[in-house]
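As they're listed, the protein sequences go chains A and B. My numbering applies: residue 124 is where the first sequence begins, and numbers increase by one. My numbering applies: residue 124 is where the second sequence begins, and numbers increase by one.
Protein chains: 2
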Amino acid sequence: MSKEDLLLLDFWVSPFCMRVKIALAEKGLDYESKEEDLFGGKSELLLKSNPVYQKVPVLLHNGKPLNESAIIVGYIDEKWPSPPLLPACAYGRSQARFWADYIDKKLFDATCTVWRSTGEAVEVAKKDFIEVLKVLEEALGEKTFFGGETFGFVDIVAIPMAGWFYASEKFGNFTVEAECPKLSAWIKRSMQRESVAKVLPDPEKVYDFVVMFRKMQGIE
Amino acid sequence: MSKEDLLLLDFWVSPFCMRVKIALAEKGLDYESKEEDLFGGKSELLLKSNPVYQKVPVLLHNGKPLNESAIIVGYIDEKWPSPPLLPACAYGRSQARFWADYIDKKLFDATCTVWRSTGEAVEVAKKDFIEVLKVLEEALGEKTFFGGETFGFVDIVAIPMAGWFYASEKFGNFTVEAECPKLSAWIKRSMQRESVAKVLPDPEKVYDFVVMFRKMQGIE
Numbered sequence: 124m125s126k127e128d129l130l131l132l133d134f135w136v137s138p139f140c141m142r143v144k145i146a147l148a149e150k151g152l153d154y155e156s157k158e159e160d161l162f163g164g165k166s167e168l169l170l171k172s173n174p175v176y177q178k179v180p181v182l183l184h185n186g187k188p189l190n191e192s193a194i195i196v197g198y199i200d201e202k203w204p205s206p207p208l209l210p211a212c213a214y215g216r217s218q219a220r221f222w223a224d225y226i227d228k229k230l231f232d233a234t235c236t237v238w239r240s241t242g243e244a245v246e247v248a249k250k251d252f253i254e255v256l257k258v259l260e261e262a263l264g265e266k267t268f269f270g271g272e273t274f275g276f277v278d279i280v281a282i283p284m285a286g287w288f289y290a291s292e293k294f295g296n297f298t299v300e301a302e303c304p305k306l307s308a309w310i311k312r313s314m315q316r317e318s319v320a321k322v323l324p325d326p327e328k329v330y331d332f333v334v335m336f337r338k339m340q341g342i343e
Numbered sequence: 124m125s126k127e128d129l130l131l132l133d134f135w136v137s138p139f140c141m142r143v144k145i146a147l148a149e150k151g152l153d154y155e156s157k158e159e160d161l162f163g164g165k166s167e168l169l170l171k172s173n174p175v176y177q178k179v180p181v182l183l184h185n186g187k188p189l190n191e192s193a194i195i196v197g198y199i200d201e202k203w204p205s206p207p208l209l210p211a212c213a214y215g216r217s218q219a220r221f222w223a224d225y226i227d228k229k230l231f232d233a234t235c236t237v238w239r240s241t242g243e244a245v246e247v248a249k250k251d252f253i254e255v256l257k258v259l260e261e262a263l264g265e266k267t268f269f270g271g272e273t274f275g276f277v278d279i280v281a282i283p284m285a286g287w288f289y290a291s292e293k294f295g296n297f298t299v300e301a302e303c304p305k306l307s308a309w310i311k312r313s314m315q316r317e318s319v320a321k322v323l324p325d326p327e328k329v330y331d332f333v334v335m336f337r338k339m340q341g342i343e
């Protein structure tokens, strides 16, 4: 365990915060976590440390703020190279960054749109979400993890979203397992890792959060 | 000059293609460019080399396809490290990636929304665009380039968008220079670089393209 000065501005259900926590766990790094009150009022430290987006996660390393979860995970990998998260070769790295970017652009929004929708829009949202999952399933192919034999960058970027799939499945009345069995097997494999298991909340709790959030937003 | 097998699937007015061309020029790399007919029909090679988005630019390096312009620029920098485009330290790299990501998320869409809009929406679009520019101007601060004294990653990601500002200025009836004098000075400095000057088209030609595109889309 390193004794670095690492402070994470955190929110328990944020998949973006989970990415950073999994990466820190993979590197065996201790850190302090400060839960933000996103609905009550963000801390001064958060507003100051992420002036552009004012969002979690922020990782403060020796007081210097880092923003944007995939960039933070990349920083952690560069700063503490062992065990490596990104592939060693430039081409492999570019491919990992491509998929992380695809996940950033598509996956969370697609899964949330299922439970954010009502009426006929649910079916459209479900179809779109499954399409994104199928693209990812094809990218995974027959590999154990996205990077190959070892759990790495793309897995860390993607797996926290899986904690939110259960809520989408319940509101969309379908299962990811039936639609994408290989991706589903990857989720189960990844969930068994200690770094993931200790970070991802119980899907029922994410579901309860979604129910609460839908009420707050007046979605019925 | 290296004799690498580099083929760029290109489109002359795409700021994303320009990024790749500027990066290749900065590294002194020769490459072949193949202009895509985006309105007539995309090449089989493009469809095959970027199955997820089917968009330019694609850089084929020894036949292996790379997608997404900022990722391609990063790949070029890793593969041919001299002169470096990204900072040497991990924190500096994370900051450069943050700003490149901000530009990707905000800048092109903000500038195009000005000339895509009609009526009262133009003023809203103009205000939003200027807000994005001001965030970038603050990030630039008193520095010569985004990375400091030398032209680098963030400059390469941002400067091609500036070729499109003239069209937004004409349709929005304002000037970037009056709103953001420091950013405007950075644009002029960057435009003087050989790598940029030889890649960026005449703003009048971009304007003509925008006029044509507006007609195609039925925007009057």
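Virtual Cβ for every residue (Gly too), placed ideally from N, Cα, C. Since the model is a prediction, treat every value here as computed from it, not as a measurement.
Beta-carbon proximity list for residue i, same chain, < 6 Å, skipping 5 on both sides
{"i": "B/Ala290", "result": "Trp238, Val329, Tyr330 and Val333"}
{"i": "A/Trp287", "result": "Thr234 and Val329"}
{"i": "B/Glu300", "result": "Ser307"}
{"i": "B/Val247", "result": "none"}
{"i": "B/Ser156", "result": "Leu131 and Asp133"}
{"i": "B/Ser137", "result": "Val179"}
{"i": "A/Asp325", "result": "none"}
Within 8 Å, strictly: CB atoms of residue i and residue j
{"i": "A/Val196", "j": "A/Phe276", "result": "yes"}
{"i": "A/Asp133", "j": "A/Val179", "result": "yes"}
{"i": "A/Trp203", "j": "A/Lys150", "result": "yes"}
{"i": "B/Glu159", "j": "B/Leu169", "result": "yes"}
{"i": "B/Glu343", "j": "B/Thr236", "result": "no"}
{"i": "B/Leu230", "j": "B/Leu263", "result": "no"}
{"i": "A/Leu208", "j": "A/Ile310", "result": "no"}
{"i": "B/Lys249", "j": "B/Gly215", "result": "no"}
{"i": "A/Glu201", "j": "B/Ala211", "result": "no"}
{"i": "B/Tyr225", "j": "A/Val143", "result": "no"}
{"i": "A/Thr267", "j": "A/Arg312", "result": "yes"}
Cβ-based neighbour list, residue i, same chain, cut-off 7 Å, excluding 5 preceding and 5 following
{"i": "A/Lys257", "result": "Cys303"}
{"i": "A/Ile253", "result": "Glu302"}
{"i": "B/Glu272", "result": "none"}
{"i": "B/Lys293", "result": "Tyr330"}
Residue span of the alpha helix (DSSP H) that contains residue i, given as start and end
{"i": "A/Ser313", "result": "Pro304 to Met314"}
{"i": "A/Glu317", "result": "Glu317 to Ala320"}
{"i": "A/Asp87", "result": "With chain A covering only 124 through 343, there is no way to say anything about residue 87 of chain A."}
{"i": "A/Leu169", "result": "Glu167 to Ser172"}
{"i": "A/Leu147", "result": "Pro138 to Glu149"}
{"i": "B/Glu327", "result": "Pro326 to Met339"}
{"i": "A/Tyr289", "result": "Phe288 to Gly295"}
{"i": "B/Phe276", "result": "Phe276 to Ala285"}
Per-residue contacts from residue i into chain A (C-beta, under 8 Å)
{"i": "B/Ser316", "result": "Note that residue 316 of chain B is Arg in the sequence shown, not Ser. Going along chain A, no residue has its Cβ under 8 Å from B/Arg316, so there is no contact; the nearest lies around 25 Å."}
{"i": "B/Lys338", "result": "Neighbours of B/Lys338 on chain A: none; closest Cβ ~30 Å, over 8 Å."}
Same chain, Cβ closer than 8 Å to residue i, five either side skipped, listed in chain order
{"i": "A/Met314", "result": "Ile282, Ala285, Ala320 and Leu323"}
{"i": "A/Phe185", "result": "Phe is not the amino acid found at residue 185 of chain A; the sequence shown has Asn there. Contacts found: Glu127 and Asp128."}
{"i": "A/Met124", "result": "A caution first: A/Met124 carries a pLDDT of 44, below 50, which makes its placement in the model too unreliable to give a value."}
{"i": "A/Leu161", "result": "Phe134 and Val179"}
{"i": "A/Ser205", "result": "Lys150"}
{"i": "A/Ser172", "result": "Leu132, Val181, Leu183, Pro188 and Asn190"}
{"i": "B/Asp227", "result": "Ala193 and Val280"}
{"i": "A/Lys165", "result": "Glu159 and Gln177"}
{"i": "B/Asp251", "result": "Ala233 and Thr236"}
Nearest-angstrom Cβ-Cβ length linking residue i and residue j, presumed shorter than 8 Å
{"i": "B/Arg220", "j": "A/Ile194", "result": "5 Å"}
{"i": "B/Leu130", "j": "B/Leu183", "result": "4 Å"}
{"i": "A/Phe269", "j": "A/Ser192", "result": "Not confirmed; about 16 Å, so no contact."}
{"i": "B/Ser112", "j": "B/Ile199", "result": "No statement about residue 112 of chain B is possible, as the shown extent of chain B runs from 124 to 343 and does not include it."}
Residue range of the beta strand (DSSP E) that includes residue i
{"i": "A/Leu131", "result": "Leu129 to Asp133"}
{"i": "A/Leu208", "result": "Segment: none, A/Leu208 is in no beta strand (DSSP E) and carries neither H nor E."}
{"i": "B/Leu182", "result": "Val181 to His184"}
{"i": "A/Glu158", "result": "Glu155 to Glu158"}
{"i": "B/Leu263", "result": "It is not in any beta strand (DSSP E) - B/Leu263 instead sits in the alpha helix (DSSP H) that spans Ala244 to Leu263."}
{"i": "A/Pro188", "result": "Lys187 to Asn190"}
Chain-ordered chain A contacts of residue i [CB-CB under 9 Å]
{"i": "B/Leu170", "result": "The premise fails here: B/Leu170 is roughly 15 Å from chain A at the closest Cβ pair, so nothing lies under 9 Å."}
Chain-ordered neighbours of residue i on chain A, where CB pairs are closer than 7 Å
{"i": "B/Val175", "result": "Tyr225 and Val258"}
{"i": "B/Asn190", "result": "Phe221"}
{"i": "B/Lys187", "result": "Tyr214"}
Interface residues of chain B facing residue i [CB-CB closer than 8 Å]
{"i": "A/Ile194", "result": "Ser217, Arg220, Phe221 and Asp224"}
{"i": "A/Lys266", "result": "Those within 8 Å of A/Lys266 in chain B number zero; the least Cβ separation is about 17 Å."}
Chain B contact residues for residue i, given Cβ-Cβ distances below 7 Å
{"i": "A/Glu201", "result": "Ala213 and Arg216"}
9 Å Cβ cut-off: residues of chain B touching residue i
{"i": "A/Gly197", "result": "Ala213, Arg216, Ser217 and Arg220"}
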